[in-house]
Amino acid sequence: MTALVIAEHDNAHLKPATLNAIAAAQQCGGDVHVLVAGYQAGAVAAQAALAAGVTKVLHADAPELAHPVAEQLTAQVLSLAAGYSHLVFAATASGKNVAPRVAARLDVAQISDITRVLAPDTFERPIYAGNAMATVQSSDAQQVLTVRTTAFDPVAQVESGGAAIESVSPKVAGKSAAFVGSELSKNDRPELTAAKVIVSGGRALGSAEKFNEVMLPLADKLGAAIGASRAAVDAGYAPNDWQVGQTGKIVAPQLYVACGISGAIQHLAGMKDSKVIVAINKDPEAPIFSVADYGLEADLFAAVPELTRSL
1 MTALVIAEHD
11 NAHLKPATLN
21 AIAAAQQCGG
31 DVHVLVAGYQ
41 AGAVAAQAAL
51 AAGVTKVLHA
61 DAPELAHPVA
71 EQLTAQVLSL
81 AAGYSHLVFA
91 ATASGKNVAP
101 RVAARLDVAQ
111 ISDITRVLAP
121 DTFERPIYAG
131 NAMATVQSSD
141 AQQVLTVRTT
151 AFDPVAQVES
161 GGAAIESVSP
171 KVAGKSAAFV
181 GSELSKNDRP
191 ELTAAKVIVS
201 GGRALGSAEK
211 FNEVMLPLAD
221 KLGAAIGASR
231 AAVDAGYAPN
241 DWQVGQTGKI
251 VAPQLYVACG
261 ISGAIQHLAG
271 MKDSKVIVAI
281 NKDPEAPIFS
291 VADYGLEADL
301 FAAVPELTRS
311 L
């Protein structure tokens, strides 16, 4: 058995989620190969080759692969899929975009958001917003998996040596879809899904102005990323890419500080694996306290600025 992990990158740097996906692939048994599909992405292939446990890196290079257009990446994966028992994607926006296309073309079931590998054909995954765990066994000849990255510790990267890098022929999907452009928001803070500390605000903050006034100074003191509940995002207090939860981003930082967040199931599904959870809420019955390691029943407009001043 051999697993193929589809790397995520920006043609210069390997994204951390790939190292988590490699860790999951190793538990499936057999060798682990990594596909780096991009344009002038030799540096990424070199980084992937240094990931512990990887035995080969496949490097496909073409201008059409410069951006992760799902149709192009799907065609590249399918051109190599026959030699692999497991095709492994991180459960990120990119992975969730490509994996279903690959599974459909291979006529196999996709197993989504796995959190444990019990056997090469048996996996554990959350259902009902993480309130129950399902054990899924597949009888398909090939497994197409997306990996909840917070459930697997990333593999280390060795300092020298590493896996062999093999160039493979790029597969172009034609002109059914092409990259036109992108608008990227600039953020000096850590990336939400990779941050070790996250401070997150909820609807109780009342406005975007109050959100920024109360939460940003605390994040600055802690060197933290900023998160928000879906209610806060829907109300316009925070941008969409700050949303933590089942329909937002799944995070597991070392420290998660939830301010004015009641703790709806949707939000808890995205952050309850955090190592230490601190909740600040004036409602003693707020569900967030049931998962918090430390809870402060207080008015956030008084408690958070005081906390910021004390740090």
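Position 233, counted from 1, in the sequence shown is what the numbering used here calls 233; the numbers after and before it change by one each time, with no gaps. We put the beta carbon where it would ideally sit given N, CA and C, even for glycine.
Buried or exposed (CB count within 10 angstroms, at least 16 for buried), residue i
i, result
"Gln254", "exposed"
"Asn240", "exposed"
"Val276", "exposed"
"Arg309", "exposed"
"Phe152", "buried"
Anticipated Cβ contact below 8 Å, residue i with residue j, distance rounded
i, j, result
"Val199", "Leu222", "6 Å"
"Val34", "Ile22", "7 Å"
"Arg101", "Ser112", "14 Å between Cβ atoms; not a contact."
"Ala225", "Pro190", "5 Å"
"Tyr39", "Ala70", "Actually they are not in contact, since the Cβ atoms of Tyr39 and Ala70 sit about 16 Å apart, beyond 8 Å."
"Glu166", "Leu78", "Contact doesn't hold; Cβ gap of about 18 Å is too wide."
"Ala304", "Ile288", "According to the sequence displayed, residue 304 carries Val and not Ala. About 15 Å; that fails the 8 Å criterion."
"Leu145", "Phe89", "7 Å"
Proximal residues to residue i (C-beta, below 8 Å), its chain only, five neighbours per side dropped
i, result
"Val278", "Leu255, Tyr256, Val257, Ala258, Ala292, Asp293, Tyr294, Gly295 and Leu296"
"Pro284", "Glu297"
"Gly29", "Met1 and Pro120"
"Ala12", "Ala41, Ala43 and Val44"
"Leu118", "Glu124 and Thr135"
"Ala208", "Gly236, Tyr237 and Ala238"
Which of helix, strand or coil DSSP assigns to residue i
i, result
"Glu306", "helix"
"Ala66", "coil"
"Glu166", "strand"
"His13", "coil"
"Thr247", "coil"
"Gln26", "helix"
"Leu19", "helix"
"Pro287", "helix"
"Gly295", "strand"
Other residues of its chain near residue i: CB distance less than 6 Å, five sequence neighbours each side excluded
i, result
"Lys175", "none"
"Ala75", "Lys171 and Ala173"
"Thr92", "Ala17"
Cβ neighbours of residue i in the same chain (closer than 7 Å, five flanking residues each side left out)
i, result
"Val320", "In the structure as shown, the chain begins at 1 and stops at 311. Residue 320 is therefore absent and cannot be evaluated."
Handout entry: Complete runs of the beta strand (DSSP E) confined to the region 35-107 [at least 3 residues]
Key = 56-61 and 86-90
Handout entry: Start-end ranges of the alpha helix (DSSP H) lying completely within the region 179-263, minimum 4 residues
Key = 208-222 and 230-234
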